[in-house]
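**Student:**
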Amino acid sequence: MDVSVEQKFTTYPDNIALLLHDVRNLIFEVAEQDGITELEETLKWGEPSYISKSGSVIRFDYKEKLPQHFCIYFNCKTKLIDTFKELYGDTFVYQGNRALVFELNQTLPSKELVHCLSLALRYKKIKHLPMLGA
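Residue numbers for the sequence shown follow numbering that gives the first Met the number 0, so the first one is 0 and each next one is one higher.
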């Protein structure tokens, strides 16, 4: 784990840190599943961030001002959130064209989230395809 990301995780309440570790692990699992061998982990805007050479940045964070939620952020200049909305509609709660919002106590829609993460990690290769090739 990147040292700055590891430090960031120590700032989260214990239950949030466990939950966000699960999200982090899911990103790495999706990258491995998609054959992405170079996945950079860093802090961007003070948030754990993940980028592959073939993809778009994925970030996530928990903010105390929204104590019952966490978000997974995507580049707002991409077609990612619009595509997620088209594919999955009400499966997710969206924050504009930049984030998926989750309640802390909800069960993550794993199959759908894995697909969204995969699209983001491969975005540069698929952005020209209708519906990102979904």
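Positions of the beta carbon are idealized from the N, C-alpha and C atoms, including for glycine.
Does the contact criterion of 3 or more C-beta pairs under 8 Å hold for the stretch 123-132 versus the stretch 76-87?
**Tutor:** Touching, yes, given that three or more Cβ pairs across the two stretches are closer than 8 Å.
**Student:** Could you pull the start and end residues of the beta strand (DSSP E) that K110 belongs to?
**Tutor:** Here K110 belongs to no beta strand (DSSP E); instead the alpha helix (DSSP H) covers S109 to L120.
**Student:** Measure how close the beta-carbons of F59 and E40 come, nearest whole angstrom, since I'm counting them as under 8 Å.
**Tutor:** No, F59 and E40 are not in contact; Cβ-Cβ is about 12 Å, not under 8 Å.
**Student:** List the endpoints of the continuous beta strand (DSSP E) containing E37.
**Tutor:** Note, E37: premise wrong, no beta strand (DSSP E); not H, not E.
**Student:** Applying the 10 Å Cβ sphere with the 16-neighbour rule, what's the burial state of D19?
**Tutor:** For clarity, residue 19 is Leu in the given sequence; the question names Asp instead. Counting Cβ neighbours within 10 Å, L19 comes out buried, since at least 16 surround it.
**Student:** DSSP three-state label for Q204, please.
**Tutor:** The displayed coordinates of the chain run from 0 to 133. Any statement about residue 204 would go beyond what the structure contains.
**Student:** Sorted by chain position, which residues of the same chain lie with C-beta nearer than 8 Å to S53's C-beta, five sequence neighbours on each side aside?
**Tutor:** Result list for S53: I35, L120, R121, Y122, K123 and K124, in chain order.
**Student:** What would DSSP say about L18, mapped onto helix, strand or coil?
**Tutor:** L18: helix per DSSP, three-state reduction.
**Student:** Who does D60 pair with in a DSSP beta bridge?
**Tutor:** DSSP output for D60 lists C70 as bridge partner(s).
**Student:** How big is the Cα-Cα spacing for L116 and V29?
**Tutor:** When rounded, the distance between both Cα atoms is 7 Å.
**Student:** Tell me where the beta strand (DSSP E) around Y11 begins and ends.
**Tutor:** Here Y11 belongs to no beta strand (DSSP E), and DSSP marks it neither H nor E.
**Student:** Kindly indicate the opening and closing residues of the alpha helix (DSSP H) around L79.
**Tutor:** Per DSSP, L79 belongs to the alpha helix (DSSP H) from L79 to Y87.
**Student:** May I ask you to report which of helix, strand or coil DSSP gives L99?
**Tutor:** DSSP places L99 in strand when its eight states are reduced to three.
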